[in-house]
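**Q**
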Amino acid sequence: MRNILGYTLPEFSRNDLSKLHKGLDFSGLNHYANFYIQECMSSTCEPIAGTLRAEGFIKQRTEKDGIPIGDLVTLKGADVRGCFVWFILNNFVWSMGTLNGLGFTTLIVSLQRVIGNLAQSAPILPY
Numbered sequence: 099m100r101n102i103l104g105y106t107l108p109e110f111s112r113n114d115l116s117k118l119h120k121g122l123d124f125s126g127l128n129h130y131a132n133f134y135i136q137e138c139m140s141s142t143c144e145p146i147a148g149t150l151r152a153e154g155f156i157k158q159r160t161e162k163d164g165i166p167i168g169d170l171v172t173l174k175g176a177d178v179r180g181c182f183v184w185f186i187l188n189n190f191v192w193s194m195g196t197l198n199g200l201g202f203t204t205l206i207v208s209l210q211r212v213i214g215n216l217a218q219s220a221p222i223l224p225y
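Read in order, the letters of the sequence shown are residues 99 to 225 in our numbering.
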């Protein structure tokens with residue numbers, strides 16, 4: 099991999115590596131487009147234009163197995179309700195100076211704590 103990507107690969111300090119070896123609790127991905135990749139080291143590929151050699155091996159397609167990809171998103175819109183809520187609430191996080199715990203999952207956990215605390219302090223009403 100280093101032979102292909104060279105200097106574009108990140109370099110980690112020993113401190114970074116000690117944190118990374120424990121694994122991840124959560125990994126988020128912003129998905130904006132579909133790209134299918136192909137292994138080109140032991141097979142024939144036709145590179146497309148790219149600024150780096152590795153980028154030239156990406157083949158951009160608008161369909162897979164004869165089925166269009168991305169059309170429903172562009173024609174009918176993407177379901178971004180959860181992302182929209184996160185964007186709005188993220189503005190409050192930044193304005194309050196909170197640097198840790200950014201992310202949709204963290205937001206949901208925080209809201210669950212607030213709702214749980216409210217439920218515990220709410221008066222019990224008879225039916």
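Glycine included, C-beta positions come from ideal geometry on N, C-alpha and C.
Kindly indicate which three-state DSSP category G104 falls into: helix, strand or coil?
**A** It is helical.
**Q** Between which two residues does the alpha helix (DSSP H) holding K120 run?
**A** Counting along the chain, K120 falls outside any alpha helix (DSSP H), and DSSP gives it neither H nor E.
**Q** In chain order, what residues of the same chain lie with their CB nearer than 7 Å to the CB of I186, ignoring the 5 residues before and after it?
**A** Closer than 7 Å at the Cβ level, and outside the excluded window around I186, lies no residue.
**Q** Sorted by chain position, which residues of the same chain lie with C-beta nearer than 7 Å to N121's C-beta, five sequence neighbours on each side aside?
**A** Inspection of the sequence shows that residue 121 is occupied by Gly rather than by Asn. Result list for G121: empty, nothing under 7 Å.
**Q** In chain order, what residues of the same chain have a beta carbon less than 8 Å from the beta carbon of L118, not counting five sequence neighbours either side?
**A** Cβ neighbours of L118 beyond the five flanking positions: F110.
**Q** Which same chain residues, not among the five before or five after R100, have their C-beta less than 8 Å away from its C-beta?
**A** Result list for R100: L107, in chain order.
**Q** Do you know whose CA, among P166, E161, M139, lies nearest L103's CA?
**A** Measuring from the Cα of L103, the nearest candidate turns out to be M139.
**Q** Is F185 helix, strand or coil by DSSP?
**A** Of the three classes helix, strand and coil, the one that applies to F185 here is helix, per DSSP.
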